[in-house]
Amino acid sequence: MTTKIQWAQNEDGSKGETWNPVVGCDPVSPGCKNCYAARQSARLFKQYGQVKYKGLISPRAGGDHFNGTIRTDDAWLQLPLRRRKGTTYFTCSMSDLHHERVPASFLHKVYAVMAHCQRHRFFVLTKRPQGMRDYIRPFYQGSMMKAADALGLRWEPGTFPSKQWPMSNIWAGTSVESQEYMPRVDRLRETPAVIRFVSQEPQLREVDWTGHLEGIDWVIIGGESGPGARPFFLEWASKTIEQCQDAGVSVFVKQLGDNPMTHRGRVGHFGPKGKDIDAWPAELRVRDMPRVAAA
Ligand code: SF4
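Numbering-wise (the numbering used here), the sequence shown opens with residue 12 and increments by one.
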């Protein structure tokens, strides 16, 4: 499905895609409180009757929340294989691919498809980076090959399995909403990947990157949007931009959210979700993409 997420655009500037071979999740930290994927899942089932999303949500105080049900989807698994145009995929935008309940046998298939489709880029963003590290570090090549065989995949010359991990088309990311969750960045750093990225969205507190940017290629910043959006201070964004730029790390400000503040009070007419970049203070208009070093 096409996505408007700016950091997941295709390399030619056109819109990228979301790819959801896994749906469902459950909250792990305060950043999950107003989970967009949970709200969307509820809507897709209630309003549009999409059975893929049935039973994933338990309504609780404060909104719809994932209830821990995980569902895999063999039909969606195949979608990137059929798409010829080189595309950026946000992998599992409606779940967390490295949720503990995603069966290893299915994870092998997802990675087999990503490894096979070298014409595409896949951004894997997880709040469970220890699971991603533990999957990728030993690199379950034998299991992936079996999964690939089961899917009937044929390898193009020069691509997997002749290539070694990490692959240039699979970017590994984690989310950090506050300093307390900086250990996720340590787990990400231990994960072999050509590009390691951190989504600081929804950012809920100031984050100090001092001593944490080593081995990180890209930081995405965003304030929370939607019902119940929590405050996002523009000073937080300025600080991260400065620290990333000083360290030579690419930084991308996605949105200022629906509750932007400064230490002087509430600010801004930055449009829905705080996405009107033309209305932002000039110093926040930063949208770098990292580059994959030539092999
Ligand atoms: S980990 Fe991601 S998908 Fe899962 S509940 Fe939290 S925000 Fe939602």
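Yeah, the Cβ is synthetic: ideal placement off N, Cα and C, and Gly gets one too.
- The closest heavy atom of ligand 1 lies 7 Å or more from the beta carbon of K284.
- Placement of the Cβ of G42 at a distance of less than 7 Å from at least one heavy atom of ligand 1 is found.
- P32 counts as buried, since no fewer than 16 other beta carbons sit within 10 angstroms of its beta carbon.
- For H109 and M143, the gap between their C-alpha atoms comes out near 6 Å.
- The C-beta of G222 has fewer than 16 other C-beta atoms within 10 Å across all chains shown, which makes the residue exposed.
- Counting other Cβ atoms within 10 Å of its Cβ, A86 stays below 16 and is therefore classed as exposed.
- CA-CA distance, A258 to L224, rounds to 7 Å.
- When distances are taken from the beta-carbon of A19 to the heavy atoms of ligand 1, even the shortest one reaches 7 Å or more.
- One alpha carbon belongs to Y146, the other to P140, and they sit about 10 Å apart.
- One thing to note: S236 has its Cβ within 8 Å of the Cβ of K284.
- Ligand 1 approaches V39 closely enough that one of its heavy atoms is under 7 Å from the residue's Cβ.
- Secondary-structure assignment with DSSP links V187 through no beta bridge to anything.
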